[in-house]
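One structure is given below, encoded as structure tokens.
Residue numbers (the working numbering), protein chains in the order written: chain A, 28 to 135; chain B, 1100 to 1214.
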């Protein structure tokens, strides 16, 4: 599975959009991009995934560049409860290879 | 809530002992994966079970072993515990193993402390 690179930490003001970037320059054609988040060492929570097209669900939007070498997770209106570690994963098989993620802190 | 449950929630063992952790997968899911998460790091893949057979393994020694039962629940066994085995152990279930489009849903984890 391809390696991902994420910033170590980011801050966001409450109510504003949080944009979390992820680089996956070695991604191959059959690998999906997944995003999870983890709050206070609970189990990772699934957010969204995509292959080529941009995706949106009730939690977030996922924007994947045309060359698929990077993506951005967008939380449209961040709340204090969105403070967590966010993991970007690219996966072609059953296992998910996690990096160290981005610690997002939402501030009042 | 994902429907994936794990037991126990916390466990304390001493070095050299053996431990068994349990996971019940989400209803309808036949694949279970186990991950180890050390403090401050991302989860690391241990192995995956599909229809009671091991279906992939990460870089963990043979003293980490597992089982999957006909109802698709699973156990992770660790023998000869070492201090570095202290971690959060996560179980994830999915509908099928190999498809990259199959989402894995994680349980709350078991926190193991080895003294």
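Positions of the beta carbon are idealized from the N, C-alpha and C atoms, including for glycine.
My output table needs one value for residue 108 of chain A: the three-state DSSP class, helix, strand or coil. helix
Mind checking if residue 124 of chain A is an interface residue toward chain B, Cβ cutoff 8 Å exclusive? yes
Alpha-carbon to alpha-carbon, residue 83 of chain A and residue 1177 of chain B: 40 Å
Residue 1204 of chain B touches chain A at which residues, Cβ-Cβ below 7 Å? What residue 1204 of chain B touches in chain A: 73.
Output, in chain order, the set of chain B residues within a Cβ distance shorter than 7 Å of residue 70 of chain A. 1189, 1205, 1206, 1207, 1208
Within 10 angstroms of the Cβ of residue 1142 of chain B, are there 16 or more other Cβ atoms? Answer buried if so, exposed if not. buried
Which residues bound the beta strand (DSSP E) around residue 1121 of chain B? 1118–1123
Below-8 Å beta-carbon distance, residue 127 of chain A vs any chain B residue: yes
For the putative contact between residue 31 of chain A and residue 126 of chain A, defined by C-beta atoms under 8 Å, what is the C-beta separation to the nearest angstrom? Yes, residue 31 of chain A and residue 126 of chain A are in contact; Cβ-Cβ is about 5 Å, under 8 Å.
Give the C-beta separation of residue 47 of chain A and residue 131 of chain A to the nearest angstrom, bearing in mind that I take them to be a contact with Cβ-Cβ under 8 Å. 6 Å
Return the chain-ordered ranges of every beta strand (DSSP E) run that is complete within the segment 1154–1183 of chain B and spans a minimum of 3 residues. Listed in chain order, they are 1163–1167, 1173–1177.
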